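>
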Amino acid sequence: MRERKEKYKKYKDFFLLVFLFLILFITIGVLYCLKYQPGPFLYSRF
Amino acid sequence: MYLLCYVIISLSVFSLFYILRKNFNWKIVFGALCVTAVILIVCILFLNYLFQESFIAGGYLFQTMKSFERQKEDIQILFSGPSELQFAIIPSMFRFKAFNFSPNAEDMTESYYKLKYCINRMPKLKVVVLGTPLSIFSSLWHFYNKNKVFRRDIFYIYNYMKLKDVWEFGKFEGFWTVVKGEFFHIFPVLFRPNMAFLLEKWEVLVRYLYPDRVVLDGWSPAFGKGNITKEFARQRVRHHFEGYEVFDKTFLIYFEKILKLCHNHNIKVIVILCPVTDSYLQFASNYITRDIFYKKILKNPKYSKYIYKILDFLDLFAKHHEFFDDVNHLNINGAVVFSELVADELYDIIDEKDVYRNIDFCQFSDFTHLYFMTRNIYLGRQR
């Protein structure tokens, strides 16, 4: 029983880490893009 | 939004430390990083696949290229230039087969490589109408080459440009720009301006997936109603000229290359100046006037010997703001009137036996009624 618990805990930690890394990297990416200031006509017509 | 991002980052870093302090295992951390990387790469590839066409001129270029490939063998007159021409010329209104290949913000370098590809594939081509708005030689377009436009890379990917051309172009634009362009063509989502646009205006990109723009033989209609302010004109002129060279050396070289290319293929070149509003002309006179443009380009013996005809409509609708979508782009009404005028001018150049009966036009049933409606409004006004 204890062994099974240990195994599940290992998986739990693993997925938690994946989740946290994902959130961290995506948020850093979003922040990096939000700081970008395009010119007034960048995506309009020229 | 920024605050939220900072809070999320802090929280996730704190949680990471907490978990790793409690139970640290290199294998698990490395495995988690690998899985995260795979998930992120899959997400990026998916977004790339989804929005690749949308990132490039709102899908216009792809639609135009597809349309061009379908009918290139019949085309007699090709319109090439920047967006001023894209919104102004309706090829379906001509009595001969015309095509409007004018993606927005196209500079002379792109025009050259596009024409180089097109000319050899259009056996019936007789005339190239080159759109030369006052801003066409501005070094502003270098800025776009370095920061945004992937069109050249699209030309390359679709064989419009050969590796040799990319090499030649690299000499002018810098090889790093070319390499960067190639990389970001494969992963446009990774390009910072694109990513920012995706985050801020994702709904626009989704709309681009199902384009509401009608693209007929390269023409895309604009439905603005001439609500043009002087401030907007001032901004647009500043955007085109302030801090830039009005006559950039590279673009002049490529302009000459275009003229020579057409001359060598026995194709007439007509240069067209599309209409702009009076306010645009007024503000633009601080940087460039029509006289200077004529002296430096159109009447310069270096270029003029290759130019068959100049169609100057620069101030034709200067005071008719109802024909404009914005200060330098015609709306659908303006395009109908303008295309009729251009068609009259070009009619003499094409022989009577070559006149193409544009029966296909009737197939565009969704659009035909709109065209005739606008045309009748115009004719009614004339009477």
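So the sequence lines, in the order shown, correspond to chains A and B. Heads up: the first sequence is residues 1103 to 1148, going by my numbering. Heads up: the second sequence is residues 11 to 393, going by my numbering. Don't be surprised by glycine CBs; every beta carbon is placed ideally from N, CA and C. Please read all numbers here as calculations on a predicted model, not as lab measurements.
1) Am I right that TYR318 of chain B and LYS259 of chain B are in contact with their C-beta atoms under 8 Å? What's the rounded C-beta distance?
2) If you draw a straight line from the C-alpha of TYR290 of chain B to the C-alpha of VAL247 of chain B, how long is it?
3) Just curious, the alpha helix (DSSP H) that ASP358 of chain B is in, first and last residue?
4) What separation, rounded to the nearest whole angstrom, lies between the Cα atoms of VAL188 of chain B and TYR59 of chain B?
5) Assuming VAL108 of chain B is part of the beta strand (DSSP E), what are its boundary residues?
6) Please confirm if TYR1110 of chain A has its CB atom under 9 Å from at least one CB of chain B.
7) From this set, A:PHE1116, A:VAL1120 and A:LYS1137, which residue's C-alpha is nearest ASN33 of chain B's C-alpha?
8) Quick one: which chain C residues come within Cβ less than 8 Å of LEU26 of chain B?
9) Taking the C-alpha atoms as reference points, what is the distance between LEU209 of chain B and LYS134 of chain B?
10) Within the same chain, show all residues whose beta-carbon is closer than 6 Å to that of ARG244 of chain B, passing over the 5 residues directly before and after it, in chain order.
11) Buried or exposed: SER1146 of chain A, going by 16 or more other Cβ atoms within 10 Å of its Cβ?
12) Which whole-angstrom value describes the C-beta separation of PRO231 of chain B and ALA345 of chain B, a residue pair presumed to lie in contact below a C-beta threshold of 8 Å?
13) In whole angstroms, what is the alpha-carbon distance linking ASP370 of chain B and LEU226 of chain B?
14) Looking at the structure shown, is TYR366 of chain B part of a helix, part of a strand, or coil, going by DSSP?
15) ASP336 of chain B bridges to which residues according to DSSP?
16) Checking contacts by CB at 9 Å: is VAL23 of chain B closer than that to chain A?
17) From TYR1113 of chain A to VAL52 of chain B, what does the alpha carbon distance come to, in whole angstroms?
18) Taking C-alpha atoms, which residue in B:PHE153, B:ILE18, B:GLN73 and B:PHE97 lies nearest to SER349 of chain B?
19) Throw me the rounded Cβ distance for the CYS284 of chain B and LEU95 of chain B pair, which I believe falls under 8 Å.
20) To the nearest angstrom, report how far apart LEU324 of chain B and PHE104 of chain B are at their CA atoms.
21) Can you name the residues of chain A whose CB is closer than 8 Å to the CB of ARG202 of chain B?
22) How many angstroms separate the CA atom of VAL216 of chain B from the CA atom of PHE194 of chain B?
23) Distance, Cα to Cα, LEU43 of chain B vs ALA115 of chain B?
24) Closest Cβ-Cβ distance between ASN35 of chain B and chain A: below 9 Å?
25) Which residues mark the beginning and the end of the alpha helix (DSSP H) in which TYR290 of chain B is found?
26) Can you tell me the Cα-Cα spacing of SER148 of chain B and PHE261 of chain B, whole angstroms?
27) Step through the CB atoms of chain A and report whether any lies within less than 9 Å of the CB of TYR12 of chain B.
28) For a test of the three-state rule: what should DSSP assign to PHE371 of chain B, helix, strand or coil?
29) Going along the chain, which residues of its own chain have a beta-carbon closer than 7 Å to the beta-carbon of ASN338 of chain B, five neighbours each way excluded?
30) Using 9 Å as the threshold, is the C-beta distance between VAL1122 of chain A and ILE29 of chain B below it?
31) What residues of chain A sit near VAL1 of chain B, judged by a beta carbon separation below 8 Å?
32) Would a C-beta distance cut-off of 9 Å place ASP117 of chain B and TYR264 of chain B closer than the cut-off?
33) Quick check: the Cα distance between LEU200 of chain B and LEU269 of chain B, rounded to an integer number of angstroms?
34) Can the beta-carbon of ILE238 of chain B be found less than 9 Å from the beta-carbon of ASP336 of chain B?
35) Roughly how far, in whole angstroms, is the beta-carbon of LYS124 of chain B from the beta-carbon of SER90 of chain B, given that I think they are within contact range, below 8 Å?
36) Could you tell me which of B:GLY234, B:VAL45, B:PRO203 and B:ILE282 sits nearest to PRO92 of chain B, measuring between CA atoms?
Taking the coordinates as given:
1) In fact, because the Cβ distance is near 25 Å, the residues do not count as touching under 8 Å.
2) 7 Å
3) No alpha helix (DSSP H) holds ASP358 of chain B; DSSP gives it neither H nor E.
4) 22 Å
5) A quick correction: the sequence has Ala, not Val, at residue 108 of chain B. First-last of the beta strand (DSSP E) with ALA108 of chain B: 108–111.
6) no
7) A:PHE1116
8) The displayed structure is made up of protein chains A and B, and chain C is not among them.
9) 46 Å
10) PHE293
11) Low per-residue confidence applies at SER1146 of chain A: pLDDT is 46, beneath 50, and the placement is therefore not dependable, though the value from the model is reported in the following sentence. Per the 10 Å Cβ criterion, exposed.
12) 7 Å
13) Residue confidence for ASP370 of chain B is low, a pLDDT of 43 falling below 50, so the modelled location carries little weight and cannot support an answer.
14) The predicted model places TYR366 of chain B with a pLDDT of 48, which falls under 50 and marks its position as unreliable; any figure quoted below should be read in that light. Coil, per DSSP.
15) B:HIS339
16) yes
17) 22 Å
18) B:PHE97
19) 6 Å
20) 21 Å
21) TYR1134, CYS1135 and TYR1138
22) 20 Å
23) 42 Å
24) yes
25) 288–294
26) 8 Å
27) yes
28) Low per-residue confidence applies at PHE371 of chain B: pLDDT is 42, beneath 50, and the placement is therefore not dependable, though the value from the model is reported in the following sentence. PHE371 of chain B falls in the helix class under three-state DSSP.
29) GLU94, PRO143, ARG246, VAL286 and TYR290
30) Residue identity differs from the one stated: residue 1122 of chain A is Leu in this sequence, not Val. It is a contact, given that the beta carbons lie within the stated cut-off.
31) Limits of chain B in this structure are 11 at one end and 393 at the other, which puts residue 1 of chain B out of reach.
32) yes
33) 37 Å
34) yes
35) 7 Å
36) B:ILE282
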